[in-house]
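Visitor: Residue numbering for the sequence shown follows the working numbering, beginning at -9 and increasing consecutively. Heads up, the beta-carbon is just placed ideally off N, CA and C, and yes, glycines get one too. Bear in mind the structure is a predicted one, so any value in this text is a computation, not a measurement. The structure under discussion is supplied below as structure tokens; questions concerning it will follow.
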Amino acid sequence: MMMVVPELGAVVRALLPVQLTGGHTVTFGVMVGVHADDLKRAFDSWWAPDYANLKFGGRLANALPTWQVLGAPVSLAVTDPDATPFCVASTDSGLQSVLASEWDHELVLAALPT
-9 MMMVVPELGA VVRALLPVQL TGGHTVTFGV MVGVHADDLK RAFDSWWAPD YANLKFGGRL
51 ANALPTWQVL GAPVSLAVTD PDATPFCVAS TDSGLQSVLA SEWDHELVLA ALPT
């Protein structure tokens, strides 16, 4: 999903995987604020062969339970050409830790809405 929200700007849906103890993963669907040029590039390549090589960046537009990463810079990349882009890295130490570390399964699931 891609859109321009009046008074907010361009956003793209992305997937943010979090590794959990016990070999589990929780994947959050997030919105990422992006530059209008990147939104256009994503739109132009979404159904084209070069979609598999799409990479761009933005800022996390969602809060995540447990972590204070709203507004953190994030790099997006297509890791599966049949899926939405994934959050793959961040220059923000907090978000990079979310992406790269293994988190306690019970702690993370307890923070999710029921």
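Just curious, the alpha helix (DSSP H) that S35 is in, first and last residue?
Guide: Where S35 is concerned, the enclosing alpha helix (DSSP H) stretches over 26 to 35.
Visitor: Who does W93 pair with in a DSSP beta bridge?
Guide: According to DSSP, which records beta bridges pairwise, W93 is partnered with L10.
Visitor: Roughly how many whole angstroms lie between the Cα atoms of A0 and D28?
Guide: C-alpha separation (whole angstroms): 9 Å.
Visitor: Taking Cβ positions, are T15 and L6 nearer each other than 8 Å?
Guide: Cβ distance not < 8 Å, so T15 and L6 don't count as in contact.
Visitor: Using 8 Å for Cβ pairs, my map puts S80 next to A62. What's the rounded Cβ distance?
Guide: Right, the Cβ-Cβ distance comes to about 6 Å (below 8 Å), so this counts as a contact.
Visitor: Please report how far the alpha carbon of V68 lies from the alpha carbon of L60, in whole angstroms.
Guide: Near 22 Å, if we compare the C-alpha coordinates of L60 and V68.
Visitor: Measure the C-alpha to C-alpha separation of W93 and G84 and round it to an integer number of angstroms.
Guide: Whole-angstrom Cα-Cα distance: 13 Å.
Visitor: Got a sec? Which residues, its chain only, sit under 7 Å from V(-5) by beta carbon, not counting five neighbours each side?
Guide: Cβ within range, chain order: V1.
Visitor: Can you check whether the CB of G48 is closer than 8 Å to the CB of G23?
Guide: Cβ distance < 8 Å, so G23 and G48 count as in contact.
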